[in-house]
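S.K.: Take a look at the following structure, please.
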Amino acid sequence: MIPQLVTVGWRRGDGRWRRIYVPVLPVLLVLSPLLLLAVLGGLIACFIFGVSALGALRGAGRLVWALPGTRFEIEDGSMGVLVNVR
Amino acid sequence: MNEQRRQVLQMLSDSKITADEAERLIDALDRDRFPSSRAAGPGTKPRPKYLRVVVIADEGSGSHWAGEASGGDGSARINIRVPLQLLRAGVRLTSLVPPQALTRANAELHRSGVDIDLTQLKPQQLEELIEHLDELTVDIDSAEAKVQVFCE
Numbered sequence: 000m001i002p003q004l005v006t007v008g009w010r011r012g013d014g015r016w017r018r019i020y021v022p023v024l025p026v027l028l029v030l031s032p033l034l035l036l037a038v039l040g041g042l043i044a045c046f047i048f049g050v051s052a053l054g055a056l057r058g059a060g061r062l063v064w065a066l067p068g069t070r071f072e073i074e075d076g077s078m079g080v081l082v083n084v085r
Numbered sequence: 000m001n002e003q004r005r006q007v008l009q010m011l012s013d014s015k016i017t018a019d020e021a022e023r024l025i026d027a028l029d030r031d032r033f034p035s036s037r038a039a040g041p042g043t044k045p046r047p048k049y050l051r052v053v054v055i056a057d058e059g060s061g062s063h064w065a066g067e068a069s070g071g072d073g074s075a076r077i078n079i080r081v082p083l084q085l086l087r088a089g090v091r092l093t094s095l096v097p098p099q100a101l102t103r104a105n106a107e108l109h110r111s112g113v114d115i116d117l118t119q120l121k122p123q124q125l126e127e128l129i130e131h132l133d134e135l136t137v138d139i140d141s142a143e144a145k146v147q148v149f150c151e
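For the record, the sequence lines run as chains W and S.
Counting in numbering that gives the first Met the number 0, the first sequence runs from 0 upward without gaps.
Counting in numbering that gives the first Met the number 0, the second sequence runs from 0 upward without gaps.
Next comes the structure, spelled out in structure tokens:
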């Protein structure tokens, strides 16, 4: 399953957490023209550097599919960063 | 739960219990830990899905490393959870690296004094490494910091 919600959070100097919830699918739809350009650019780069374009697409797809469940949480003194993929 | 298992092994090493008793106790601990899987069938163990890295450093302990990690203000905590599937997907990407890039990377590594031949590193071996990660447990507990790496 592709990621559905990405939570990005950070703790400010005053100790309060601020979180942004990013719904992946709507954002992807909005950015789909740019995404298409990026994919085309990637395919051209694959062709230039002699990398299998199909393999690269499959690998990138696997990476995206495996992302849900990833969580990075780093707190450093009064500061903190959180990235959670669901 | 790991602590209980360690206590059982400690009792065994102290000869307070026999090997049979230790085995029964560890089996009982496993049953408590994985009741549903045990009910599904004997010997089946749920495969871990995530690799966890937890670091807790306390600056109050006066550790140089902890002080650096916390930026000199309070304690530092790192909690990372990565799906093993993501590691597998990443490892499979290594098969896409063109041979000429590996040769150049080898030359740069050699120049930096690291004699590792990346061309000898096969994706299959890396996948085996990921497969056996579920048996990995790193538990460092010192006055300066606590580091845990495990699969769950």
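Even glycine gets a Cβ: it sits at the ideal position worked out from N, Cα and C.
(1) Out of S:Val113, S:His109, S:Glu126 and S:Ser94, point me to the one whose CA is closest to glutamine 84 of chain S's CA.
(2) Measuring CB atoms only, is the region 19 to 28 of chain S touching the region 114 to 134 of chain S, in the sense that at least three cross pairs come out at less than 8 angstroms?
(3) What's the gap between the Cα of alanine 55 of chain W and the Cα of glutamine 3 of chain S?
(4) Quick check on isoleucine 47 of chain W - is its C-beta less than 8 angstroms from some C-beta in chain S?
(5) Could you spell out the range, first to last residue, of the alpha helix (DSSP H) harbouring isoleucine 129 of chain S?
(6) Please state if the CB of alanine 65 of chain W and the CB of alanine 75 of chain S are separated by a distance shorter than 8 angstroms.
(7) Taking the alpha-carbon of lysine 48 of chain S as reference, which of W:Arg70, W:Trp9 and W:Gly41 has the nearest alpha-carbon?
(8) Hey, quick one: how far does the beta strand (DSSP E) through arginine 46 of chain S stretch, first residue to last?
(9) Among the residues of its own chain, which have a CB less than 8 angstroms from the CB of asparagine 105 of chain S, if the five just before and after it don't count?
(10) Kindly confirm or deny that the region 3 to 15 of chain S and the region 18 to 25 of chain W touch, where touching means at least three C-beta pairs closer than 8 angstroms.
(11) Quick one: is leucine 128 of chain S near chain W, going by C-beta distance under 8 angstroms?
(12) Taking C-beta pairs closer than 8 angstroms, name the residues in chain S that leucine 26 of chain W reaches, listed in chain order.
(13) Measure from the alpha carbon of leucine 86 of chain S to the alpha carbon of each residue in S:Val113, S:Glu130, S:Pro45 and S:Lys145, then state which is nearest.
(14) Let me check one thing: in DSSP terms, what residues is aspartate 138 of chain S bridge-paired to?
(15) To the nearest angstrom, how far is the alpha carbon of asparagine 78 of chain S from that of cysteine 150 of chain S?
(16) Report yes if the CB atom of valine 5 of chain W is closer than 8 angstroms to the CB atom of valine 84 of chain W, and no otherwise.
(17) What number of angstroms, rounded off, separates the C-alpha of threonine 93 of chain S from the C-alpha of glycine 41 of chain W?
M.R.: This is what the structure holds:
(1) To locate residue 84 of chain S, count along the second sequence from 1; it is residue 85. Per the Cα distances, S:Glu126.
(2) Not touching, per the Cβ criterion.
(3) For the purposes of this step, residue 55 of chain W is taken as the residue at position 56 of the first sequence. For the purposes of this step, residue 3 of chain S is taken as the residue at position 4 of the second sequence. Cα to Cα, alanine 55 of chain W sits roughly 46 angstroms from glutamine 3 of chain S.
(4) If you number the first sequence from 1, residue 47 of chain W lands on position 48. Chain S contact via Cβ: absent.
(5) Position 130 of the second sequence, counting from 1, holds the residue named residue 129 of chain S. From DSSP, the alpha helix (DSSP H) with isoleucine 129 of chain S extends over 122 to 130.
(6) Translated into the one-based positions of the second sequence, residue 75 of chain S becomes position 76. Translated into the one-based positions of the first sequence, residue 65 of chain W becomes position 66. Contact flag unset, no.
(7) What you label residue 48 of chain S is simply residue 49 of the second sequence in a count that begins at 1. Cα-wise, what sits closest to lysine 48 of chain S is W:Arg70.
(8) The count along the second sequence starts at 1 and reaches residue 46 of chain S at position 47. Arginine 46 of chain S -> no beta strand (DSSP E), and no H or E assigned at all.
(9) Counting from one through the second sequence, the residue named residue 105 of chain S turns up at place 106. For asparagine 105 of chain S, where only same-chain residues beyond five positions count, the Cβ hits under 8 angstroms are Ile115, Asp116, Leu117 and Thr118.
(10) no
(11) In the second sequence, residue 128 of chain S corresponds to position 129, counting from 1. For leucine 128 of chain S, the answer is no, since every Cβ of chain W falls outside 8 angstroms of its Cβ.
(12) Position 27 of the first sequence, counted from the start, is the residue given in the question as residue 26 of chain W. Sequence check: residue 26 of chain W is valine here, not leucine. Simply none; closest approach about 20 angstroms.
(13) What you label residue 86 of chain S is simply residue 87 of the second sequence in a count that begins at 1. The closest CA to that of leucine 86 of chain S, considering only S:Val113, S:Glu130, S:Pro45 and S:Lys145, is found on S:Glu130.
(14) Here residue 138 of chain S refers to the residue found at position 139 when the second sequence is read from its first residue. Answer is S:Gln147.
(15) Within the second sequence, the letter at position 79 stands for residue 78 of chain S. Within the second sequence, the letter at position 151 stands for residue 150 of chain S. One C-alpha to the other measures close to 13 angstroms.
(16) Within the first sequence, the letter at position 6 stands for residue 5 of chain W. Within the first sequence, the letter at position 85 stands for residue 84 of chain W. The answer is yes: Cβ separation under 8 angstroms.
(17) Here residue 93 of chain S is taken as the residue at index 94 of the second sequence, counted from 1. Here residue 41 of chain W is taken as the residue at index 42 of the first sequence, counted from 1. A direct Cα-to-Cα measurement between threonine 93 of chain S and glycine 41 of chain W gives close to 17 angstroms.
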